[in-house]
Structures are given as structure tokens and as C-alpha cells.
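Reading through the C-alpha cells given below for one structure.
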Amino acid sequence: MMSFAPVSKLQGSADPVPSAARTTPSASAASLSGLELSCRPLREVHGLEGQWRELAGRVGAAASAFLDWPWIGAWLGMLPPSADVRVLQARLQGRVVGLALLVRTRRKLGPVSFCEAWHLHASGDPVLDKICIEHNDFLVLPEHADALRAAMLAHWQQVAGSAAELHLPGLVGEGWARLLPAGMTAEDETKPSAGVALGPVRDAKLDFTPLLSSHARRFVRRSMKEYQTVIGPLAVEVADSRVQAGQFLDELIRLHEAIWHKRGLTGAFAGSGVLDFHHRLIDLAWPDGGVQLLRVRTGDRPMGYLYSFVRGGRLYVYQSGFDYGLLEKHGRPGLVTHALAIQHNAGLGHGYYDLLAGESQYKATVATDHEGMTWSVWRKPAWRFRLEQQLRIWVRQVRQHRQKGQESPGEVASAPAKEED
1 MMSFAPVSKL
11 QGSADPVPSA
21 ARTTPSASAA
31 SLSGLELSCR
41 PLREVHGLEG
51 QWRELAGRVG
61 AAASAFLDWP
71 WIGAWLGMLP
81 PSADVRVLQA
91 RLQGRVVGLA
101 LLVRTRRKLG
111 PVSFCEAWHL
121 HASGDPVLDK
131 ICIEHNDFLV
141 LPEHADALRA
151 AMLAHWQQVA
161 GSAAELHLPG
171 LVGEGWARLL
181 PAGMTAEDET
191 KPSAGVALGP
201 VRDAKLDFTP
211 LLSSHARRFV
221 RRSMKEYQTV
231 IGPLAVEVAD
241 SRVQAGQFLD
251 ELIRLHEAIW
261 HKRGLTGAFA
271 GSGVLDFHHR
281 LIDLAWPDGG
291 VQLLRVRTGD
301 RPMGYLYSFV
311 RGGRLYVYQS
321 GFDYGLLEKH
331 GRPGLVTHAL
341 AIQHNAGLGH
351 GYYDLLAGES
361 QYKATVATDH
371 EGMTWSVWRK
381 PAWRFRLEQQ
391 LRIWVRQVRQ
401 HRQKGQESPG
411 EVASAPAKEE
421 D
């Protein structure tokens, strides 16, 4: 077990924050004179919960639902006892102004233990990380956000090993490239994310369809009409009790898993501890209205379910389940469910309907706003990472060479014709 310097102090005259991180006046070290930083093992979750909830209350809408305690607390509950969880904390004048949880693991290269790997609000275990955090961040006061991030990252650099990497999943936009310390390298994967601003829906008297393209508008309206004609009126219901929320979730999971099994794949709810995670999250979020389970019916038949998190006027539409067998044709339960949910939540006064990361046809159809989300891995300057990079380049070149050798002239010549078809 490696040892950690328990606390470092950021003085106005010192300069531990990399110059590349100071891109705005608020990111100056002077604004955080006397900042105390620590990175310590998590010993007691109850004490952390009090600190986290208090800081999240001060941060307000600047923090996403994925940084709210229901998500964080439920995630901690699914980690194995052996997980090495560290609390990265920033204090100013005796008050907590920044918090983050890092899980420290060892990454393997083949069968060999290769390097120290730290994960922000993730475990490093693909099975556990199937829950997929997005809108990830340090929980920091917005008035000093980048300065606190930079100081906390600088402290991580001090306590992490010389050959360490930091995994930063689900950062908004282009991630933290502006904060990358000198000498470190970053490997980024950006995914599209989409959503709907709900103000214009209210301006359109809660009719979402005029905001769609003419093609999408025709599909949605025709599908709505078909459901109402063949089966019955469309209605939106939001679970109004914890018991009903559990029932909606169970039905959502049934529909969700059925369609993925039909494709020969496992759905988002398969895997050890995933169901317990979601029930625990709903238990934690329900008293404060932090979760919404919504159902759309046609007549007396459920068409679709949506499972969303709610924070700061923003809905994070996390998972869905639709019944694709209600109509023989013109049945688009996903489009209709989302359109009605958008109108319903605009009526409730919410500001944004976030469809989260990933590409799909329904997102392309209903989204009015588009942004990216970035999964980053930062690495310290170490010879083993340079060696790994060279090995990857070599392996890629060998594979390309083998593929070239396997292609016959006829196969190569026929490829453009197939693309043209």
C-alpha cells in the first residue's frame, strides 16, 4: 500500500497549479489562498454523506444529478469491500469547497500488472461501470470551479505514483483539456449527446411537434393518430408513490431487456448489483423528487416507460422501455413516448430534457440541441506509457499488413461498387 501526503496547503505566493490550467481570472491561485487539500481513504460513508449533501446544496444546479448523493451513495453501495476508495477534498477557511471520489486500481497489460489507475466516480470494473456515469465532474463551488479542479488535480499528481493514469469518464463537452497539466498526456473519446430545451415547447403552448423537422413531425403525428384510432386515447402518468415507481421500473426493465434479448444482446440492467443499485438510488432520490418514473398509455395499454433523474430543472432521461408490438404498422412507441414526456415536463416547468450520450435514431429525430461528452484518460510522463504506445502502434501496423496480404485484387476492386450500391 502506498503512503499519501495527507494534506497540502495552497498559499497565495505558491504556484502549484499548472499555468495551462489558469485560463480565466477565477482560476488564479490567489483567489484560493489558504486552500487545504487532502486525499484519504474512505473510512465511513455516513460522515461523507453529510459533507456531500451539504456541499451539493451549496453548489446547486451547477452539479448534475450524477453528482447528487442518490447516485453517489447508490454507487458506493455496489462497490465490493475490497475497493480502494479515496476522498479527494478541498477546504477553504474550514469549509469543504470541493469533493471527489477516486477508486484506485491496478491496470493490467495482458497478464502483467502494468500501472496504477485512478477512476473518478467509477470503479474500473466494466461490469460495475455498466451503470455509466455521465455529466461527471468534481463537486466544486461554481464561483471557483476551474481553480478548484486545477488545485485538486495538482494534489492528485502529488499523491499518485510516478506511473499513474487518471480515468475521467463522462465529462461534459470537450472535457478538461484546458486543465491538463504540463507533461501529462490525454487520450480522449468523445461521444455525441443530445437534448431538448423545454422553454420553446412552453412557447409553443406545450406542443412539441412544431419544433421537429417536417419529416419527424409527420412520423410523430401519424403514429399518435394511429395509436388513438386503433387502441385508444394517449395519456401520460408519472409515478406518485415509491411503490408505483418500483412497479414502473419493473415494467420498464421487462420491455427493455426483451428488445435487447431479441437482438441477441444483454440490456443495461443485466449484471451483478445493477438492479440493487437502481432500487437504492430511487430510495435515496424519491423523498426530494430527484427521480421520475413516467408511463405513456394508449387506451388501457402501456406503450412506454421512461426513467429519469431530476436536478436543477433538468431531466436526465436515463433509460427506457417500449412495447413495439401494439401496432402492426406506423407504431413508433419511442418517438410518441418521448414527445409526450417532453410536453409533460415542459408543463411542469423543467428547463431541459437531456437525452444523454450515445447515438440512436430517436435522439436524432427529437433532439433540438446537440453537444458532446468526453471519456478521458490522463497519464503521467512515464517510460512504460511511451512503451505501451509504441507497442499499440506496432500491433496496429502488423494487423493492417496481415489484412492487406489477405485481400485479393478482385476483392479490393469490388469494394467501391458495393459502396455505390
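Heads up, the sequence shown is in UniProt numbering, so the first residue is 1 and it goes up one at a time.
Ideal placement from N, C-alpha and C gives every residue a C-beta, glycine not left out.
What you are looking at is a predicted structure, and each value in this text was computed from that prediction instead of being measured.
Alpha-carbon to alpha-carbon, residue j and residue i
i           : j    : result
V159        : N136 : 22 Å
F219        : P333 : 11 Å
Q319        : L148 : 32 Å
V103        : I253 : 29 Å
A235        : A339 : 12 Å
K262        : L42  : 42 Å
R242        : R295 : 15 Å
H121        : G110 : 25 Å
A285        : A270 : 22 Å
K191        : K205 : 33 Å
R379        : D188 : 11 Å
H330        : D68  : 39 Å
F208        : G170 : 29 Å
Q157        : W71  : 27 Å
A150        : K130 : 28 Å
W168        : L255 : In the sequence as displayed, the identity of residue 168 is Leu instead of Trp. Looking at the two C-alpha atoms, the distance is approximately 32 Å.
G347        : H278 : 27 Å
S162        : E116 : 9 Å
G349        : V87  : 36 Å
I342        : E328 : 25 Å
L92         : L37  : 9 Å
P381        : C132 : 28 Å
residue 462 : M184 : Residue 462 lies beyond the range of the chain shown here (1 to 421); nothing can be said about it.
Y353        : F66  : 15 Å
L179        : L275 : 36 Å
residue 431 : R217 : Within the shown structure, residues of the chain are numbered from 1 to 421, placing residue 431 beyond reach of any answer.
Status (buried if at least 16 other CB within 10 Å, exposed otherwise) for residue i
i           : result
V45         : exposed
G98         : buried
L198        : buried
Q89         : buried
Q292        : buried
I393        : exposed
D146        : buried
E226        : buried
K404        : exposed
T374        : buried
E165        : buried
H370        : exposed
E143        : exposed
H119        : buried
residue 423 : The structure shown does not extend to residue 423, since the chain is modelled only from 1 through 421, so no value can be given for it.
L265        : exposed
G289        : exposed
E359        : exposed
R314        : buried
S213        : exposed
Residue i - partner residues in DSSP beta bridges
i           : result
W378        : L166, A186
P302        : R297
S123        : The partner list for S123 (beta bridge, DSSP) is empty, contrary to what the question assumes.
A239        : In DSSP, A239 forms no bridge with anything.
residue 439 : Residue coverage of the chain in this structure runs from 1 to 421, which leaves residue 439 outside it and unanswerable.
G290        : Beta-bridge pairing links G290 to no other residue.
S308        : Q292, V317
F322        : G304
Collapsed DSSP secondary structure at residue i in the structure displayed
i    : result
E36  : strand
F248 : helix
R22  : Low confidence applies here, because R22 scores a pLDDT of 33, under 50, leaving its location unreliable and the question unanswered by this model.
L139 : strand
E328 : coil
G334 : helix
F277 : helix
H401 : helix
L315 : strand
E257 : helix
A270 : coil
I133 : coil
R263 : coil
S28  : Legend: pLDDT at S28 = 48, less than 50; position of this residue unreliable, no value from coordinates given.
The ligand GDP heavy atom lying under 8 Å from the CB of residue i
i    : result
L234 : Questions concerning the ligand GDP fall outside what the structure shown contains, since it holds no ligand whatsoever.
C-beta neighbour in chain B for residue i, strict 9 Å
i    : result
R392 : Absent from the structure is chain B; it holds one protein chain and no more.
Check your understanding: Which residue spans inside the segment 153–237 form an unbroken alpha helix (DSSP H) run of at least 4?
Key -> 199–203, 214–230
Point to revise | Segments of 4+ residues assigned as alpha helix (DSSP H) that fall wholly inside the segment 348–374 | key: 361–366
Check your understanding: Can you list the alpha helix (DSSP H) stretches of 4 or more residues lying completely in the segment 40–110, in chain order?
Key -> 45–59, 69–78
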